[in-house]
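K.L.:
First the structure, then my questions, so here it is.
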Amino acid sequence: MGNLLYLNNEEQTNLELRIVKEYEDGIIPFDLGWNIWISISLIICCIGFVGNGYIIWLLGFQIKRNRFTIFILHLAIADSGFLASIVIYKIHLFTYFLRSNILFLFCAFFSHMMYINANFILTAISIDRCVAVLFPIWHHCSRPKGLSSMVCVLLWISSFLLTGSIALFTNVFGKYNLFGLHFLVTAIVSLPLIILSTLVLFIKVCVKPKQKNQGRLLLMILITLLCFLILAFPLNVLVVILNFFSIQYGPDLRYWREGVLLLSCLNSSINPVIYFLVGRKKRAQTKESVKVILQKNSNPLTRPLQQK
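Numbering-wise, UniProt numbering puts 161 at position 161 of the sequence shown, and it's gapless, one number per residue.
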């Protein structure tokens, strides 16, 4: 059986099948530290899933969406999907209930697609905010009204095709050396754009915009981008290293694997917390504080045009 990071790698598959059998036969003793580690990851995923679910409910049914919040909605959906698949994976580590190879491969494919799409959407958000800061008049007056929705649809399709094509080559044609290519492509596309956007937004935040709410919005995006670089990007690095360099997979490597996976889960879980902490006002209720930062002032000149 493979796992959520390295699908159908023959060496790892044989190793994990042996570990599963030894656990079932009682050869490997109960590992308290490992189970505590997995439990912490599971708790973080569940909390993050609830938080992103709240954002989906808020933007899907309570707030009239605008150009900016459409991106936030799709990011929350992608993060929720990623966290849900990781929850299934963590439960599997306790029970080994994913006996069917097809079910396991589907879970892996789904988690990869959601993770990559979240990276793409965050990249689109960073570019959108940079354009709004650098070219505010064009962004407000000339930017196509339905551009956010079209970009999100294209990103979902791209994530599906990229992940699906790699899964096809690795699992159907046995091209195991290609696995991890979609993580490499994501890193090459997203990392330079996100770093550049982070620098631009950092300079803008330091300048202290005249509009207080606009400054809070930029701060929210800046913190989100920094969290991605610190927490989520190590997963891309580890997968690329393990699949493009001659590194032997061993039992100890699972701690590195679960460590970077935990960081990615924390990144997907922390966005709703960022929205609340940056958007809150004194004596404001949670719902209202999140509404302030998500619904208002998403354009540096005036309120954004609203769109369904």
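The beta carbon of each residue, even a glycine, is placed where N, CA and C say it ideally should be.
Remember, it's a predicted structure, so these values are computed and weren't measured experimentally.
Please go through the same chain and pick out, in chain order, the residues whose beta-carbon is closer than 8 Å to the beta-carbon of residue 202, but skip the five residues on each side of it.
P.N.:
Once the five neighbours on either side are set aside, the close Cβ partners of residue 202 are 222.
K.L.:
Please identify the residue among 245, 240, 55, 278 whose C-alpha is closest to the C-alpha of residue 260.
P.N.:
Measuring from the Cα of residue 260, the nearest candidate turns out to be 240.
K.L.:
Shortest alpha-carbon distance to residue 171 belongs to which of 51, 151, 130, 105?
P.N.:
Of the listed residues, the one whose Cα sits closest to residue 171 is 105.
K.L.:
So what does DSSP say about residue 102, is it helix, strand or coil?
P.N.:
Helix at residue 102.
K.L.:
Contact between the segment 40-47 and the segment 125-134: three or more CB pairs below 8 Å?
P.N.:
Segments in contact, no.
K.L.:
Excluding the five sequence neighbours on either side, which residues of its own chain have a C-beta within less than 6 Å of the C-beta of residue 167, listed in chain order?
P.N.:
Answer for residue 167: 109, listed in chain order.
K.L.:
Report the residue from 218, 55, 70, 258 whose alpha carbon sits nearest the alpha carbon of residue 322.
P.N.:
No answer is possible for residue 322: the residues shown for the chain start at 1 and end at 308.
K.L.:
With a Cβ-Cβ cutoff of 8 Å, do residue 159 and residue 116 count as a contact?
P.N.:
Yes, they are a contact pair.
K.L.:
To the nearest angstrom, how far is it from the Cα of residue 207 to the Cα of residue 36?
P.N.:
Using only the alpha carbons, I get a separation of about 44 Å.
K.L.:
For residue 183, does the count of other Cβ atoms within 10 angstroms reach 16, so buried, or fall short, so exposed?
P.N.:
Buried, by the Cβ-count rule.
K.L.:
Does the Cβ of residue 275 have 16 or more other Cβ atoms within 10 Å, making it buried, or fewer, making it exposed?
P.N.:
It is buried - the Cβ of residue 275 has at least 16 other Cβ atoms within 10 Å.
K.L.:
Pick out whichever of 133, 71, 111, 150 has its Cα sitting closest to the Cα of residue 271.
P.N.:
Answer by Cα proximity: 71.
K.L.:
Using a 10 Å radius around the Cβ and a threshold of 16 neighbouring Cβ atoms, would you call residue 186 buried or exposed?
P.N.:
That one is buried.
K.L.:
Report the rounded CA-to-CA distance for residue 131 versus residue 154, giving the unit in angstroms.
P.N.:
When rounded, the distance between both Cα atoms is 19 Å.
K.L.:
Taking Cβ positions, are residue 165 and residue 67 nearer each other than 8 Å?
P.N.:
For residue 165 and residue 67, no; Cβs fall outside 8 Å.
K.L.:
Which residues bound the alpha helix (DSSP H) around residue 236?
P.N.:
233-244 is the extent of the alpha helix (DSSP H) around residue 236.
K.L.:
On the criterion of 16 or more Cβ atoms from any shown chain inside 10 Å, does residue 135 qualify as buried, or is it exposed?
P.N.:
When all chains shown are included, residue 135 counts as exposed.
K.L.:
Buried or exposed for residue 59, going by 16 or more other Cβ atoms inside 10 Å?
P.N.:
Buried: at least 16 other Cβ atoms inside 10 Å.
K.L.:
Pull up the distance between the alpha-carbon of residue 263 and that of residue 229, whole angstroms please.
P.N.:
Looking at the two C-alpha atoms, the distance is approximately 11 Å.
K.L.:
Counting only beta-carbon atoms, is residue 233 nearer than 8 Å to chain D?
P.N.:
Absence of chain D from the displayed structure is noted, only one protein chain being present.
K.L.:
Label residue 50 either buried or exposed according to how many other C-beta atoms from any shown protein chain fall within 10 Å of its C-beta, with 16 as the threshold for buried.
P.N.:
Flag for residue 50 reads exposed.
K.L.:
Apply the 10 Å Cβ neighbour rule to residue 142 and answer buried if 16 or more other Cβ atoms are within range, or exposed otherwise.
P.N.:
Exposed, by the Cβ-count rule.
K.L.:
For residue 114, which residues in the same chain have their Cβ closer than 7 Å to its Cβ, ignoring the five residues on either side in sequence?
P.N.:
Once the five neighbours on either side are set aside, the close Cβ partners of residue 114 are 78, 81, 82, 85.
K.L.:
Apart from the five residues on each side of it in sequence, which residues of its chain come closer than 7 Å, Cβ to Cβ, to residue 26?
P.N.:
In this prediction, residue 26 scores a pLDDT of 43, lower than 50, which makes its location untrustworthy; the coordinate-derived value is nonetheless stated afterwards. Taken in chain order, the list of residues that qualify is empty.
K.L.:
Does residue 150 pass the burial test, meaning 16 or more other C-beta atoms within 10 Å, or should it be called exposed?
P.N.:
So residue 150 counts as exposed.
K.L.:
Give me, in chain order, the residues of the same chain whose beta-carbon lies closer than 6 Å to that of residue 88; leave out the 5 immediate sequence neighbours on both sides.
P.N.:
Closer than 6 Å at the Cβ level, and outside the excluded window around residue 88, lie 107.
K.L.:
Start and end of the alpha helix (DSSP H) containing residue 160?
P.N.:
It spans 147-171 - the alpha helix (DSSP H) in which residue 160 sits, taken as one unbroken run.
K.L.:
Would you give the residue range spanned by the alpha helix (DSSP H) that residue 196 belongs to?
P.N.:
181-207 is the extent of the alpha helix (DSSP H) around residue 196.
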